[in-house]
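Everything on this sheet refers to the single structure shown next.
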Amino acid sequence: MGLKEKLHNLKMKYKGTKLETTFNAFHTFLYTPNETTHGGTHIKVADDLKRTMNTVILALIPCLIFGMFNVGYQHYVATGEIQAISGDFFSGQFWNWDNFWMGFTKVLPLVIISYVVGLGVEFIFATIKGHEVEEGYLVTGMLVPLIVPVDIPYWMLIVAIIFGVIIGKEVFGGTGMNILNPALTIRAFLFFAYPTWMSGDKVWVHGAAERANEIVNGANVDAISGETILGSLAQSQPVDYSVADMFFGFIPGSIGETSTLLIALGGLFLIFTKIGSWRIMLSSIVGALVMGYIFNLVVDAGIITQTSNFYGIMSAEFWKHLLIGGFAFGIVFMATDPVTAAQTNKGKWIYGFLIGVFSIMIRVFNPAYPEGVMLAILLMNVFAPTIDHYVVQANVKKRQKRAKLKTA
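Per this note's numbering, the sequence shown starts with residue 891, numbered consecutively.
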């Protein structure tokens, strides 16, 4: 008797009990459900929720692997053990075992915690409510480790995941019913509850915060600088990274958010598989470019001077906003969430454009935390149903007007 038959027998044995949900979850996770309906009209397609989630995870894997290498690379560069590279994506100084192993040992625990805690909460709620465990957390579980600092305390991540899954999804009814992106809800909780772990120049490079504490306690060691590009711009300081570094991802930042190249490839994969909306991605880019260009015009006109707190990011070339921070990662993997994004085609254009606009605005006017895509996406998640409502109503009125003209 194979594993599939054993799970099916256990599922039938415990049918009607609290354990039925557990066996259903394992059965659904490992196999395609073999139950079929017997009435009504149905359309048979090759994809289901699990396949959709797995496709998104496949698009995220390159960012995860690159992030592991980058964690080690940034640490060794910051400690002076290796020299920084510039513009060579295939450099052996980046793609080596030491960098990977350092990153692997730091990132893997975050991935394990994310899935164990998140799916654990899903299991508990499924058991209480008596329904099957849904696959919606499969993508969230991969997103969370990629958008947090590498040295975040494990207990802090656990608390945030529990909060995000319960408040961000379960209170609304579970997968498909939530109005906020769960992964961004988790990051927002961390940002507001533990701001010192989500901002500053000591959280984005492994070992920087620990080294700073040693110096405070009197240790005779060199400090590690983990300043991000956005952090430097917010303080009107020169940026030490080339455009190639920004595009390839050889910069400090969240684990999966630094490589615009791999994020773009992931976005193209999602567009090709028709899982990610190209309208949202493109309109977000347009919105960011327009807002960045407006700020450049303000600086060029002399309205904002170098003494202003906003000068640094305002004066950055408008197109560079696409290469720094979490903007690219956010618009590809989180703004396109089919549950929390706008559903109508026109609504997607409006939704994405406003995400781009608000992302750059928040970057400029919030120098304490110069990263706006998280708050911009969450804000537009709230307004997405309203956008769709007015798009639909406008279409209804247009059709009514057309019908009146035909009958006149």
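Ideal placement from N, C-alpha and C gives every residue a C-beta, glycine not left out.
Extent of the continuous alpha helix (DSSP H) to which residue i belongs
{"i": "threonine 969", "result": "Taken as a continuous stretch (DSSP letters only), threonine 969 belongs to no alpha helix (DSSP H), as it is neither H nor E."}
{"i": "aspartate 1130", "result": "Careful: aspartate 1130 lies outside any alpha helix (DSSP H) and carries neither H nor E."}
{"i": "lysine 1236", "result": "1235 to 1255"}
{"i": "alanine 1206", "result": "Run containing alanine 1206: none; DSSP gives neither H nor E here."}
{"i": "alanine 1154", "result": "1150 to 1162"}
{"i": "asparagine 986", "result": "That residue, asparagine 986, is in no alpha helix (DSSP H); it is neither H nor E in DSSP."}
{"i": "aspartate 1278", "result": "1263 to 1297"}
Beta-carbon proximity of residue i to residue j, cut-off 9 Å
{"i": "isoleucine 1037", "j": "glutamate 1147", "result": "yes"}
{"i": "leucine 1179", "j": "proline 952", "result": "no"}
{"i": "serine 1122", "j": "glycine 1182", "result": "no"}
{"i": "proline 1055", "j": "isoleucine 1069", "result": "Residue identity check: residue 1055 is valine in the sequence provided, not proline. No, Cβ-Cβ distance for valine 1055 and isoleucine 1069 is not below 9 Å."}
{"i": "glycine 1066", "j": "glycine 1031", "result": "no"}
{"i": "valine 1272", "j": "glycine 1237", "result": "no"}
{"i": "glycine 1063", "j": "asparagine 1071", "result": "no"}
{"i": "isoleucine 1165", "j": "threonine 945", "result": "yes"}
{"i": "valine 1095", "j": "valine 1040", "result": "yes"}
{"i": "isoleucine 1052", "j": "valine 1034", "result": "no"}
{"i": "isoleucine 1119", "j": "glycine 1246", "result": "no"}
{"i": "alanine 974", "j": "phenylalanine 1140", "result": "yes"}
{"i": "glutamate 1207", "j": "asparagine 1235", "result": "no"}
{"i": "phenylalanine 994", "j": "asparagine 960", "result": "no"}
{"i": "isoleucine 1003", "j": "isoleucine 1048", "result": "yes"}
{"i": "alanine 1134", "j": "serine 976", "result": "yes"}
{"i": "phenylalanine 1255", "j": "methionine 1270", "result": "no"}
Sequence-distant residues of the same chain with beta carbon closer than 7 Å to residue i, five excluded per side
{"i": "leucine 1074", "result": "Met1224, Met1264, Ile1267, Leu1268"}
{"i": "leucine 1295", "result": "none"}
{"i": "valine 1106", "result": "Below a pLDDT of 50, predicted positions are generally treated as unreliable, and valine 1106, at 42, falls in that range; the measurement from the model is reported next regardless. Counting only Cβ-Cβ distances below 7 Å, and skipping sequence neighbours, we find nothing."}
Own chain residues within Cβ distance below 6 Å of residue i, not counting five before or after
{"i": "isoleucine 1240", "result": "Ile1277"}
{"i": "arginine 1253", "result": "Ile1203, Pro1260, Gly1262"}
{"i": "glycine 1108", "result": "Note that glycine 1108 scores a pLDDT of 48, beneath 50, so its modelled location is shaky; the value from the coordinates is reported in the next line. Taken in chain order, the list of residues that qualify is empty."}
{"i": "valine 1001", "result": "Pro1035"}
{"i": "serine 1205", "result": "Val1189"}
Own chain residues within Cβ distance below 8 Å of residue i, not counting five before or after
{"i": "leucine 1212", "result": "Thr1150, Ile1175, Ala1178, Leu1179, Ala1218"}
{"i": "glutamate 895", "result": "none"}
{"i": "proline 1128", "result": "Ser1122"}
{"i": "methionine 1171", "result": "Gly1157, Ile1161, Ile1221, Val1222, Ala1225, Thr1226, Gly1242"}
{"i": "valine 862", "result": "The structure shown does not extend to residue 862, since the chain spans only 891 to 1298, so no value can be given for it."}
Proximity test, residue i beta-carbon vs the ligand SAH heavy atom, cut-off 8 Å
{"i": "isoleucine 1153", "result": "In terms of ligand content, the structure shown is empty, and the ligand SAH therefore cannot be addressed."}
**Message:** Quick check for students: name the residue ranges of the beta strand (DSSP E) that lie wholly in the stretch 1031 to 1114, counting only runs of 3 or more.
**Reply:** none
**Message:** I'd like the ranges of any beta strand (DSSP E) spanning at least 3 consecutive residues and lying wholly in the stretch 1179 to 1230.
**Reply:** None, since the stretch 1179 to 1230 contains no complete beta strand (DSSP E) of that length.
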